[in-house]
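J.: All residue numbers for the sequence shown refer to this note's numbering, where the first residue is 22 and numbers rise by one. Beta carbons: idealized from backbone N, C-alpha and C, even for Gly. For clarity, every value in this text was computed on a predicted model and none was experimentally measured. Have a look at this one.
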Amino acid sequence: MQQKIDFLIIGSGIAGLSYALKVANHGKVLVITKANRDETNTKYAQGGIAAVTYAPDSIEKHIADTLDAGDGICDEKIVRMVITEGIERIEELILWGTDFDKNEEGTFDLAREGGHSENRILHHKDRTGAEIERTLLEQINKHPNIELHTHLFALDLITQHHLGQEVSRSSGGIECYGVYALNLKTNKVETIQSKITLVATGGAGQLYRTTTNPKIATGDGVAMVYRAKGTVRDMEFIQFHPTGLYHPTESPCFLISEAVRGAGAILRTKDGEEFMQHYDDRASLAPRDIVARAIDNEIKKSGAEFVFLDCTMIDKTHFETHFPTILKKCLRMGIDPMKDFIPVAPAAHYLCGGISVDENGCSDIKNVYAAGECARTGLHGGNRLASNSLLEALVFSHRAYRHGVSAFTEINFKDNIPDWNAEGTSAPKEMILITENRRELQSLMTNYVGIVRNNTRLKRALDRLRIIYGETEALYERTIVSPALCELRNMINLSYLVVKAAMARTENRGLHYNSDLVDSNSKK
Ligand code: FAD
Ligand code: SIN
């Protein structure tokens with residue numbers, strides 16, 4: 022079955038949905054997602070969205086904080102653009118119906134997070150992402166030009182390669198005509214032709230054993246673009262959130278928002294000692310790379326598997342009204358944050374690198390745009406400032422929309438796109454190799470490519486990845502496609518990109534810390 026659509030959007034998080042609502046006034050839109058419509062990283066966002074609202078905050082201060090967190094390698098032009106334009110994008114979100122908390126004076130109740138010099142985080146209790154996702158889906162449901170298909174798994178971008186023409190990474194000139202997508206309800210691969218494709222597939226926390234990201238976060242869009250020979254950058258910068266709730270058997274890991282530290286909570290060793298002042302003047306509210314590395318160090322020194330977050334100084338009513346979800350979760354685990362310390366440990370959280378895009382979200386594959394966590398825009402540099410990602414997604418989706426609607430009328434559908442080639446494949450005899458290899462990959466990324474890396478471990482990771490890659494590719498060649506197998510392939514592609522980028526970086530920057538390198542900056 023072949024379908025033709027003006028705008029194809031892969032992903033139903035903030036990036037995909039906010040884009041869909043805009044391009045839908047110009048053409049037919051199809052949003053596809055491999056899971057339920059709201060199963061996204063977006064839904065789990067807690068802390069909120071960073072933006073300048075009132076004095077004494079200013080755009081210049083937000084820019085300075087973003088540049089500082091990014092450790093000197095952000096693209097300053099992009100930082101200025103996102104922070105300036107983001108304010109209008111948030112107003113749009115509010116017009117669509119997002120309810121950000123206000124205080125008794127009727128102004129926004131602004132929270133603080135690590136690396137921010139002012140209170141500037143707009144939020145909806147500790148469920149900001151769920152509120153945004155709800156709003157966007159409500160708007161999508163009302164729009165006559167948008168179809169949203171769930172359980173449709175994008176496999177690969179269709180390019181000249183599928184027309185029998187070989188293209189190389191260096192030759193450029195690669196064009197995209199749509200995607201092949203596996204319908205998980207019929208088990209058939211569909212050919213979806215599109216004039217414009219937005220890749221909005223989110224992050225890749227699932228590369229690691231402990232992550233705050235839901236199961237969908239396997240980096241599919243980045244892998245698809247890489248296989249189609251598009252450029253992917255900055256993959257060594259994997260952000261670990263300092264305070265995942267310690268629970269060795271729960272996956273994904275529940276997040277204890279950084280806004281809790283913004284409200285006054287402090288980190289303590291397992292013996293109850295404060296330690297962050299030894300690492301940074303901003304103590305528990307330093308940027309994430311610094312805090313996560315400090316916790317990692319304390320954990321290694323003590324042999325414990327966690328440190329503590331002490332929230333006992335926070336006013337009870339404040340905690341109950343601002344962090345109801347966190348409170349409920351802790352109480353269910355027998356921890357009363359008003360009396361007990363919460364055990365926390367770092368968890369893989371955010372992919373700073375990804376599909377390389379310009380200021381309009383254009384990748385270097387013609388007709389392919391990327392926005393949200395899968396895109397590498399230059400905003401985050403070596404380390405994302407907390408709550409800048411929802412903002413980035415809105416700004417880049419908007420810019421991609423503006424660029425795309427003026428380009429798409431010139432694009433024609435092709436009439437010789439072949440259907441998916443399943444020749445020589447048969448049903449898998451056993452799934453165990455796939456599940457074992459996924460687990461092994463998560464272990465090796467956790468053990469060898471975590472917060473602190475070294476040359477031996479990176480080499481070990483690469484050697485092991487090559488074995489898993491060989492086995493999985495052989496299986497892929499002879500097996501009918503399945504989501505589990507395709508996710509594994511994508512995760513292998515991404516892990517390879519992370520390891521190679523980590524090996525190539527010759528200085529410690531932001532989230533990349535290799536103990537064999539001489540420090541080029543003051544951050545430990
Ligand atoms: P997502 O929201 O992850 O959406 C990705 C979509 O792509 C999903 O619909 C998925 O099903 C679909 N998809 C993926 N692969 C395929 C495929 N092969 N075929 C079809 N569909 C596919 N950021 C902030 O700014 N502030 C916060 O407070 C904050 N808190 C966070 C808390 C948690 C626990 C987590 C996990 C993240 C948090 N983040 C926060 C980060 C932020 O939520 C994400 O970066 C952002 O929501 C990503 O949005 P997105 O639209 O790019 O992707
Ligand atoms: C949090 O609430 O701590 C997450 C914020 C973010 O990832 O930006």
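1) Give a yes or no on whether the C-beta atoms belonging to Y469 and R485 are separated by under 9 Å.
2) Would DSSP call H424 helix, strand or coil?
3) Taking 8 Å as the cut-off, is the C-beta of E126 nearer than that to any heavy atom in the ligand SIN?
4) Buried or exposed for I453, please, with buried defined as at least 16 other CB atoms from any protein chain shown within 10 angstroms of its CB.
5) Start and end of the alpha helix (DSSP H) containing H343?
6) Report all residues from its chain with a CB closer than 6 Å to the CB of Q298; omit the five preceding and five following residues, and keep chain order.
7) R133: buried (16+ other C-beta within 10 angstroms of its C-beta) or exposed?
8) Please say whether S33 and S418 have beta carbons closer to each other than 9 Å?
9) Is any heavy atom of the ligand SIN found at a distance shorter than 8 Å from the C-beta of L330?
10) Answer with buried or exposed for D120, where buried requires no fewer than 16 other C-beta atoms within 10 angstroms of its C-beta.
11) Per DSSP, what kind of secondary structure is A546 in: helix, strand or coil?
12) When we look at the beta-carbon of A495 and count the other beta-carbons within 10 Å, is it buried (16 or more) or exposed?
13) Is DSSP giving N204 helix, strand or coil here?
14) Please list the terminal residues of the continuous alpha helix (DSSP H) segment that includes A313.
15) Mapping DSSP to helix, strand and coil, what is S278?
16) For the segment 225 to 241 against the segment 317 to 333, are there 3 or more C-beta pairs whose distance is under 8 Å?
17) Could you give the distance in angstroms between the alpha-carbon of Y300 and the alpha-carbon of S516?
18) K209 by DSSP, collapsed to three states: which one?
19) Check this for me: beta carbons of H137 and G283, under 9 Å apart or not?
20) Please say whether L51 and P28 have beta carbons closer to each other than 9 Å?
21) Looking at the structure shown, is F429 part of a helix, part of a strand, or coil, going by DSSP?
22) Could you say which of L415, G285, E279, L532 lies nearest to G382 if we only look at CA atoms?
23) Any heavy atom of the ligand SIN closer than 8 Å to the CB of G285?
24) Excluding sequence positions up to five away, which residues of its chain have a Cβ less than 6 Å from the Cβ of A482?
25) Per DSSP, what kind of secondary structure is A284 in: helix, strand or coil?
26) For P358 and D130, I'd like the C-alpha separation in whole angstroms.
27) How is the alpha helix (DSSP H) around P504 delimited, first residue to last?
28) The beta strand (DSSP E) that contains L178, what's its start and end?
29) Please state the DSSP three-state secondary structure of I501.
30) Whose CA, out of G135, N166, E187, lies closest to the CA of N46?
31) If you compare alpha carbons, which of T171, F296, P449 is closest to T54?
32) Spell out the partners DSSP gives F329 in its beta bridges.
33) Rounded to whole angstroms, what is the Cα-Cα separation between N476 and L538?
34) Ends of the alpha helix (DSSP H) at K64?
35) Can you check whether the CB of A523 is closer than 9 Å to the CB of L479?
36) Return the CA-CA distance between S543 and P364, expressed in angstroms with no decimal places.
T.: This is what the structure holds:
1) Reading the sequence shown from its first residue, position 448 is the one you call residue 469. Reading the sequence shown from its first residue, position 464 is the one you call residue 485. Yes, the Cβ-Cβ distance between Y469 and R485 is below 9 Å.
2) Numbered from 1 along the sequence shown, position 403 holds the residue referred to as residue 424. In the structure shown, H424 sits in a helix (DSSP, three-state: H, G or I).
3) The residue given as residue 126 occupies position 105 in the sequence shown. No; taking the cut-off as 8 Å, the Cβ of E126 has no heavy atom of the ligand SIN nearer than that.
4) Taking the first residue of the sequence shown as position 1, residue 453 is located at position 432. I453 should be labelled exposed.
5) Residue mapping note: residue 343 aligns to position 322 of the sequence shown, counting from 1. That run of the alpha helix (DSSP H) goes 337 to 343.
6) The residue labelled residue 298 in the question sits at position 277 within the sequence shown. Taken in chain order, the residues that qualify are A304.
7) For the purposes of this step, residue 133 is taken as residue 112 along the sequence shown, with counting starting at 1. Answer is buried; the Cβ neighbour count reaches 16.
8) Counted from its first residue, the sequence shown places residue 418 at position 397. Counted from its first residue, the sequence shown places residue 33 at position 12. Contact flag unset, no.
9) In the sequence shown, counting from the first residue as 1, residue 330 sits at position 309. Every heavy atom of the ligand SIN is 8 Å or more from the Cβ of L330, so no.
10) If you number the sequence shown from 1, residue 120 lands on position 99. That one is exposed.
11) With the chain covering only 22 through 545, there is no way to say anything about residue 546.
12) On the sequence shown, residue 495 is found 474 positions in, with the first residue counted as 1. By the 10 Å Cβ count, A495 comes out exposed.
13) Taking the sequence shown and counting its residues from 1, one reaches residue 204 at position 183. Reduced to three states, the DSSP call for N204 is strand.
14) Looking up residue 313 in the sequence shown gives position 292. Where A313 is concerned, the enclosing alpha helix (DSSP H) stretches over 309 to 323.
15) One-based indexing of the sequence shown puts residue 278 at position 257. Correct three-state label for S278: coil.
16) no
17) To locate residue 300, count along the sequence shown from 1; it is residue 279. To locate residue 516, count along the sequence shown from 1; it is residue 495. Whole-angstrom Cα-Cα distance: 30 Å.
18) Taking the first residue of the sequence shown as 1, we reach residue 209 at position 188. Here K209 sits in strand by DSSP.
19) Here residue 137 refers to the residue found at position 116 when the sequence shown is read from its first residue. Here residue 283 refers to the residue found at position 262 when the sequence shown is read from its first residue. Against a cut-off of 9 Å, the Cβ pair of G283 and H137 comes out as a contact.
20) The residue you call residue 28 lines up with position 7 of the sequence shown. The residue you call residue 51 lines up with position 30 of the sequence shown. Contrary to the premise, residue 28 reads as Phe rather than Pro in this sequence. Yes, they are a contact pair.
21) In the sequence shown, the residue the question calls residue 429 occupies position 408. Helix at F429.
22) Within the sequence shown, residue 382 is the residue found at index 361, counting from 1. G382 has its Cα closest to that of L415, out of L415, G285, E279, L532.
23) One-based indexing of the sequence shown puts residue 285 at position 264. G285: no, Cβ never under 8 Å from the ligand SIN.
24) Looking up residue 482 in the sequence shown gives position 461. For A482, where only same-chain residues beyond five positions count, the Cβ hits under 6 Å are L465, Y469, V470, V520.
25) The residue you call residue 284 lines up with position 263 of the sequence shown. In this structure, A284 counts as coil in the three-state DSSP scheme.
26) Along the sequence shown, one-based indexing puts residue 358 at 337. Along the sequence shown, one-based indexing puts residue 130 at 109. Computed Cα separation, rounded: 22 Å.
27) Your numbering for residue 504 matches position 483 in the sequence shown. Run containing P504: 504 to 525, per the alpha helix (DSSP H) assignment.
28) Counting from 1 along the sequence shown, the entry for residue 178 is found at position 157. It spans 173 to 180 - the beta strand (DSSP E) in which L178 sits, taken as one unbroken run.
29) Taking the first residue of the sequence shown as position 1, residue 501 is located at position 480. The answer is coil: DSSP assigns I501 none of H, G, I, E or B.
30) Sequence index remark: in the sequence shown, residue 46 carries index 25 (1-based). Of G135, N166, E187, the residue nearest in Cα terms is N166.
31) By one-based count along the sequence shown, residue 54 stands at place 33. For the residues T171, F296, P449, the minimum Cα distance to T54 belongs to T171.
32) What you label residue 329 is simply residue 308 of the sequence shown in a count that begins at 1. BP columns for F329 point to R289, P364.
33) Mapped onto the sequence shown, residue 476 falls at position 455. Mapped onto the sequence shown, residue 538 falls at position 517. When rounded, the distance between both Cα atoms is 9 Å.
34) By one-based count along the sequence shown, residue 64 stands at place 43. Where K64 is concerned, the enclosing alpha helix (DSSP H) stretches over 62 to 65.
35) Looking up residue 479 in the sequence shown gives position 458. Looking up residue 523 in the sequence shown gives position 502. Taking 9 Å as the Cβ cut-off, L479 and A523 qualify as a contacting pair.
36) Numbered from 1 along the sequence shown, position 522 holds the residue referred to as residue 543. Numbered from 1 along the sequence shown, position 343 holds the residue referred to as residue 364. Any reading at S543 must be qualified, since the residue scores a pLDDT of 44, below 50, and its modelled position is unreliable; the value itself is stated next. Cα to Cα, the separation comes out at about 29 Å.
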